[in-house]
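Peer 1: The listed protein sequences derive, respectively, from chains D and W. Numbering-wise, the first sequence is residues 139 to 487 according to the numbering used here. Numbering-wise, the second sequence is residues 139 to 487 according to the numbering used here. Ideal Cβ placement from N, Cα and C applies to all residues, glycine included. Treat the numbers as computed from the prediction; the structure is a model and nothing was measured.
2 protein chains.
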Amino acid sequence: MEKRVTLRDVAKRLGVSTGTVSRALQDHPALNPITKARVLQMANSLGYRPNLAARFLSSRRRLVIGVNTPRDPAFFYDQVRKGIDQESAPFQMTGVEVQHRMFPRVGVGEEEAFESALDAKVDGLIVVPGGSRSLKSCIRRASQMKIPVVCLISDVTAARKLVSVSVDASASGALAAELMGRFLVGKGQVAVTSGDLTVSDHRGKCTAFERTIRAQFPAMELFPPIENHDSECEAYEKTLRLIDSHPDIDAVYISTGNGLPVLQALEERNLFGKITVLSTDLYPELIEKIQEGAVAGSMYQRPATQARIAFRLLYEFLYEGACPPARVTLAPLLVMRGNLNCFHGEDPR
Amino acid sequence: MEKRVTLRDVAKRLGVSTGTVSRALQDHPALNPITKARVLQMANSLGYRPNLAARFLSSRRRLVIGVNTPRDPAFFYDQVRKGIDQESAPFQMTGVEVQHRMFPRVGVGEEEAFESALDAKVDGLIVVPGGSRSLKSCIRRASQMKIPVVCLISDVTAARKLVSVSVDASASGALAAELMGRFLVGKGQVAVTSGDLTVSDHRGKCTAFERTIRAQFPAMELFPPIENHDSECEAYEKTLRLIDSHPDIDAVYISTGNGLPVLQALEERNLFGKITVLSTDLYPELIEKIQEGAVAGSMYQRPATQARIAFRLLYEFLYEGACPPARVTLAPLLVMRGNLNCFHGEDPR
DNA sequence: TTGAAAGCGATACCAA
DNA sequence: TTGGTATCGCTTTCAA
């Protein structure tokens, strides 16, 4: 039952005022460096920990965390936002304010949202980055302003962000491959659809899938990955072309979240039930297909969980100065018919 | 930028003191019901929300949360404790104190730990309950003392707990069945090992496994489940007897976390690589077997995540009066070779 | 049963 | 550069 060390205790021990201690603790410019050092050392040796509630109460200032997310697909990004809101709720008590900014789609309007957040003087920023070139310079500017940026869902390579949180692409692809190999008992023809192989996340899944198939199921035949470039049209057309030119195909691995046009093409040719389909992520149409048994399973990204982690890391950095690792990746969660109803269309963690 | 409604605002509007409003808000016994009603209504209509920081600051009460867990198997319960510690860390700053109490094993010494926690006047209690009869009466006494109890990992049915957090046993069994059925292409002989079918968690997995196999893979042959009753000896012996009497067996589903003796028996008879094995949970020896390809996969309970959720629900109940649902179940996470290295022996969420 | 007022632990302003 | 002190919103005695 030790009583907590307060700022007063530190002040008393040094014979200074609480104001001085407070200033020392928060790098106030007008303060003798020697005094500051003495205070810091004493605070440290007494094991002083600030009372965040008191700090929040007295300082009018709140900690503003900006969260920039695409509006659509809403089914996915609503979960991201919900994850942030749930994780941040208890921290409102210590003065955290979450400011959501939405932009139309991944990569569309993200710079404007970013600028808007910087203008609003957020203390930290969580963003779902798209491919736009200029985002990297946005992040650079934020870093110059000492505003930490957390990348969520996907990453901006080589940008000066605090941390990026995403699913382990490699594990996602490898798991899909392992399942596929076992489902097909190590033989058959498999196709892979992807988005854009220049995107590291997409490439990671394809590469891991291919590597795993070749290593563990060398008898299987693997077609070169189809790239959809996020175009529904392209996805649909290319899938049709693929299955028409390979009537003996046994399986398809849809390695990105927007596989709906692929599913439609497969349905069009009446292939459900005949071939084995593994997919990525979860959305209403896919849930239906899993329920019906048309799609064997899907590698779920757990958007809400990713968002929770992102918020938590940023909070801990801002409030406690805890530096996160450069990257945080989380395990994909296999969803099949058996565990589908754990997710009532939502990510419950 | 609307200013928040404070307790003072409510008091002023009614011409009463802040003390009265405060008392009304927290069900203080000595207060005229009429006054209380007036206050509550006014607070409501003004949209008053308490400032939790101020509340915590003025009531110098610390919130003590007791966490009672088995010491062994340490590999599993260390993760539970770590999950609690990580989730609670940011809340220590706002007055939450976590008190860990350990007892030797599930069901051994749990009452003593429970009593000790009650004696220490914890404000809330998270317990990993075992089968002991008397635990239910412990929980009843806690509920009389208005101390909320959260059951973690497994449940105590019909006890007056606040909430129980565990994995979705049904989903775990069904997922295993679905994988098994697909791996064996819908035919073959499958055995199931379990702990004790009177334990609802164990029964849930077996039942779901059986139901799913029968529904989706009717051509498969399913042996009656083997019960080990948590005895290594029994598990080992019974497994040997099983495989010796059924030399054509194709697969084994180990539906509980302590499957090591079963694995040893399978190894003894040199069956790895010949039969398909699905397991439950994750421990060093099992990780090794998955790595080698001897075990196809395992349904991971995510102990640390469960613990995080348990803490969070209790915290929100104590601090904000948020009532959780009666049960929280989470989806099992399939671990195979492909995503094994996302878990460096730990539950990263 | 209610009101008045003293803190809770920090910040920030005004003097010195 | 530092000290003293009002203040943040609420809980909780102590009186009335």
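Methionine 139 (chain W) by DSSP, collapsed to three states: which one?
Peer 2: Residue mapping note: residue 139 (chain W) aligns to position 1 of the second sequence, counting from 1. Bear in mind that the predicted position of methionine 139 (chain W) carries a pLDDT of just 44, short of 50, making it too unreliable to give a figure here.
Peer 1: Less than 8 Å between the CB atoms is what I'm expecting for glutamate 365 (chain W) and glycine 333 (chain W), so what's the real figure, rounded?
Peer 2: Stepping through the second sequence from its first residue, residue 365 (chain W) is reached at position 227. Stepping through the second sequence from its first residue, residue 333 (chain W) is reached at position 195. Confirmed, about 7 Å.
Peer 1: For asparagine 477 (chain D), count neighbouring Cβ atoms within 10 angstroms of its own Cβ and tell me buried if that reaches 16, exposed if not.
Peer 2: Translated into positions along the first sequence, residue 477 (chain D) becomes position 339. Looking at its Cβ environment, which holds 16 or more other Cβ atoms inside 10 Å, asparagine 477 (chain D) is buried.
Peer 1: Got a sec? Which residues, its chain only, sit under 6 Å from isoleucine 222 (chain D) by beta carbon, not counting five neighbours each side?
Peer 2: Here residue 222 (chain D) is taken as the residue at index 84 of the first sequence, counted from 1. Contacts found: Val205, Ala445, Phe449.
Peer 1: Tell me, please, whether the CB atom of methionine 139 (chain W) is closer than 8 Å to any CB atom in chain D?
Peer 2: As a first step, residue 139 (chain W) must be located in the second sequence, where it is residue number 1. Summary for methionine 139 (chain W): the model assigns pLDDT 44, below 50, so the residue's position carries little reliability; its value from the coordinates is reported in the next sentence. By this cut-off, methionine 139 (chain W) is not an interface position.
Peer 1: Kindly indicate which residue of D:Asp216, D:Val323, D:Leu300 has the alpha-carbon position closest to the one of phenylalanine 241 (chain D).
Peer 2: Walking along the first sequence from the start, residue 241 (chain D) turns up at place 103. The shortest C-alpha separation from phenylalanine 241 (chain D) is found at D:Asp216.
Peer 1: Assuming isoleucine 291 (chain W) and leucine 452 (chain W) form a contact by the criterion Cβ under 8 Å, report the distance between their Cβ atoms to the nearest whole angstrom.
Peer 2: For the purposes of this step, residue 291 (chain W) is taken as the residue at position 153 of the second sequence. For the purposes of this step, residue 452 (chain W) is taken as the residue at position 314 of the second sequence. At roughly 15 Å, the Cβ-Cβ gap does not stay under 8 Å, so isoleucine 291 (chain W) and leucine 452 (chain W) are not in contact.
Peer 1: For the segment 316–340 of chain W, which residues have a beta carbon sitting closer than 8 Å to at least one beta carbon of chain D?
Peer 2: Glu316, Leu317, Arg320, Phe321, Val323
Peer 1: In chain order, what are the residue ranges of uninterrupted alpha helix (DSSP H) at least 4 long that sit wholly in the segment 269–311 of chain D?
Peer 2: 272–282
Peer 1: Please state whether the Cβ-Cβ distance between valine 202 (chain W) and aspartate 147 (chain W) is less than 8 Å.
Peer 2: Position 64 of the second sequence, counting from 1, holds the residue named residue 202 (chain W). Position 9 of the second sequence, counting from 1, holds the residue named residue 147 (chain W). Against a cut-off of 8 Å, the Cβ pair of aspartate 147 (chain W) and valine 202 (chain W) comes out as no contact.
Peer 1: When you compare only the Cα positions, how much space is there between glutamine 354 (chain D) and valine 287 (chain D)?
Peer 2: Within the first sequence, the letter at position 216 stands for residue 354 (chain D). Within the first sequence, the letter at position 149 stands for residue 287 (chain D). Rounded to the nearest angstrom, the two C-alpha atoms are 39 Å apart.
Peer 1: Measuring CB to CB, does alanine 192 (chain D) end up less than 8 Å from valine 177 (chain D)?
Peer 2: Locating residue 192 (chain D) in the first sequence gives position 54, where the first residue counts as 1. Locating residue 177 (chain D) in the first sequence gives position 39, where the first residue counts as 1. Contact: no.
Peer 1: Verify the CB distance criterion: does glycine 476 (chain W) have a CB-CB separation below 8 Å to chain D?
Peer 2: To locate residue 476 (chain W), count along the second sequence from 1; it is residue 338. Taking Cβ atoms only, chain D reaches closer than 8 Å to glycine 476 (chain W), which makes this a yes.
Peer 1: Buried or exposed for alanine 251 (chain D), going by 16 or more other Cβ atoms inside 10 Å?
Peer 2: In the first sequence, counting from the first residue as 1, residue 251 (chain D) sits at position 113. Answer is buried; the Cβ neighbour count reaches 16.
Peer 1: Report yes or no: is there a C-beta of chain D within less than 8 Å of the C-beta of glycine 397 (chain W)?
Peer 2: As a working mapping, residue 397 (chain W) is identified with position 259 in the second sequence. Not closer than 8 Å to any Cβ of chain D, the Cβ of glycine 397 (chain W) fails to qualify, so no.
Peer 1: Hey, is cysteine 289 (chain W)'s beta-carbon within less than 8 Å of any beta-carbon in chain D?
Peer 2: On the second sequence, residue 289 (chain W) is found 151 positions in, with the first residue counted as 1. No - not a single Cβ of chain D is within 8 Å of the one on cysteine 289 (chain W).
Peer 1: What is the C-beta distance between valine 218 (chain D) and threonine 207 (chain D), in whole angstroms, given that I count them as a contact (C-beta under 8 Å)?
Peer 2: Start at 1 with the first residue of the first sequence, and residue 218 (chain D) comes out as number 80. Start at 1 with the first residue of the first sequence, and residue 207 (chain D) comes out as number 69. Sure, about 5 Å apart at Cβ, within 8 Å.
Peer 1: Inspect the beta-carbon positions of isoleucine 428 (chain D) and glycine 435 (chain D) and report whether they are closer than 8 Å.
Peer 2: Numbered from 1 along the first sequence, position 290 holds the residue referred to as residue 428 (chain D). Numbered from 1 along the first sequence, position 297 holds the residue referred to as residue 435 (chain D). Yes; because the gap between Cβ atoms is below 8 Å, this pair is in contact.
Peer 1: Hey, quick one: how far does the alpha helix (DSSP H) through proline 363 (chain W) stretch, first residue to last?
Peer 2: Taking the second sequence and counting its residues from 1, the one referred to as residue 363 (chain W) is at position 225. From DSSP, proline 363 (chain W) is part of no alpha helix (DSSP H); its letter is neither H nor E.
Peer 1: Between the segment 454–481 of chain D and chain W, which residues of the former have CB atoms less than 9 Å from a CB of the latter, in chain order?
Peer 2: Glu454, Tyr457, Glu458, Val466, Thr467, Leu468, Ala469, Pro470, Leu471, Leu472, Val473, Met474, Arg475, Gly476, Asn477, Leu478, Asn479, Cys480, Phe481
Peer 1: Once you ignore the five residues that flank serine 308 (chain W) on each side, which residues in its own chain have a CB closer than 7 Å to its CB?
Peer 2: Counting from one through the second sequence, the residue named residue 308 (chain W) turns up at place 170. Here the set comprises Gly342, Ala346.
Peer 1: Drop a sphere of 10 angstroms on the beta-carbon of glutamate 348 (chain D), count the other beta-carbons inside from all chains shown, and report buried for 16 or more, exposed for fewer.
Peer 2: Start at 1 with the first residue of the first sequence, and residue 348 (chain D) comes out as number 210. Buried, by the Cβ-count rule.
Peer 1: So who's on the other strand from glycine 435 (chain W), going by DSSP bridges?
Peer 2: Reading the second sequence from its first residue, position 297 is the one you call residue 435 (chain W). Paired residues: W:Leu416.
Peer 1: What would DSSP say about tyrosine 374 (chain D), mapped onto helix, strand or coil?
Peer 2: Within the first sequence, numbered from 1, the residue matching residue 374 (chain D) stands at position 236. Of the three classes helix, strand and coil, the one that applies to tyrosine 374 (chain D) here is helix, per DSSP.
Peer 1: Would you kindly report the start and end of the unbroken beta strand (DSSP E) that includes arginine 465 (chain W)?
Peer 2: By 1-based counting over the second sequence, the position of residue 465 (chain W) is 327. Here the beta strand (DSSP E) through arginine 465 (chain W) covers 465–468.
Peer 1: Pick helix, strand or coil for threonine 207 (chain D), following the three-state DSSP scheme.
Peer 2: Taking the first sequence and counting its residues from 1, the one referred to as residue 207 (chain D) is at position 69. In the structure shown, threonine 207 (chain D) sits in a strand (DSSP, three-state: E or B).
Peer 1: Could you give the DSSP three-state label for glutamine 217 (chain W): helix, strand or coil?
Peer 2: The count along the second sequence starts at 1 and reaches residue 217 (chain W) at position 79. Three-state result, glutamine 217 (chain W): helix.
Peer 1: Is leucine 300 (chain W) near phenylalanine 455 (chain W), with beta carbons less than 8 Å apart?
Peer 2: The residue given as residue 300 (chain W) occupies position 162 in the second sequence. The residue given as residue 455 (chain W) occupies position 317 in the second sequence. Yes, Cβ-Cβ distance for leucine 300 (chain W) and phenylalanine 455 (chain W) is below 8 Å.
Peer 1: Which of the three DSSP states, helix, strand or coil, is assigned to glycine 333 (chain D)?
Peer 2: Against the first sequence, residue 333 (chain D) aligns to sequence position 195. Reduced to three states, the DSSP call for glycine 333 (chain D) is coil.
Peer 1: Anything in chain D within Cβ reach of proline 228 (chain W), meaning under 9 Å, just list it in chain order.
Peer 2: The residue labelled residue 228 (chain W) in the question sits at position 90 within the second sequence. Going along chain D in sequence order, the residues near proline 228 (chain W) (Cβ under 9 Å) are Leu190, Pro228, Phe229, Thr232, Arg450, Tyr453, Glu454, Tyr457, Glu458.
Peer 1: What are the partner residues of glutamine 327 (chain W), as DSSP defines its beta bridges?
Peer 2: On the second sequence, residue 327 (chain W) is found 189 positions in, with the first residue counted as 1. Answer is W:Glu359, bridged to glutamine 327 (chain W).
Peer 1: When the Cα atoms are used, what is the spatial distance from threonine 377 (chain D) to valine 337 (chain W)?
Peer 2: Within the first sequence, residue 377 (chain D) is the residue found at index 239, counting from 1. Within the second sequence, residue 337 (chain W) is the residue found at index 199, counting from 1. Taking the straight line from one Cα to the other gives about 49 Å.
Peer 1: Can you confirm whether arginine 349 (chain D), when its beta carbon is compared against all beta carbons of chain W, has any partner nearer than 8 Å?
Peer 2: Counting from one through the first sequence, the residue named residue 349 (chain D) turns up at place 211. No, its Cβ sits nowhere closer than 8 Å to a Cβ of chain W.
Peer 1: Can you name the residues of chain D whose CB is closer than 7 Å to the CB of proline 441 (chain W)?
Peer 2: As a position in the second sequence, residue 441 (chain W) is number 303, starting the count at 1. None at all; the shortest Cβ gap to chain D is about 13 Å.
Peer 1: At what residues does the alpha helix (DSSP H) containing leucine 263 (chain W) begin and finish?
Peer 2: To locate residue 263 (chain W), count along the second sequence from 1; it is residue 125. Leucine 263 (chain W) -> not in any alpha helix (DSSP H); beta strand (DSSP E) instead, spanning 262–265.
Peer 1: To the nearest angstrom, report how far apart threonine 443 (chain D) and arginine 487 (chain D) are at their CA atoms.
Peer 2: For the purposes of this step, residue 443 (chain D) is identified with residue 305 of the first sequence, where counting begins at 1. For the purposes of this step, residue 487 (chain D) is identified with residue 349 of the first sequence, where counting begins at 1. About 5 Å.
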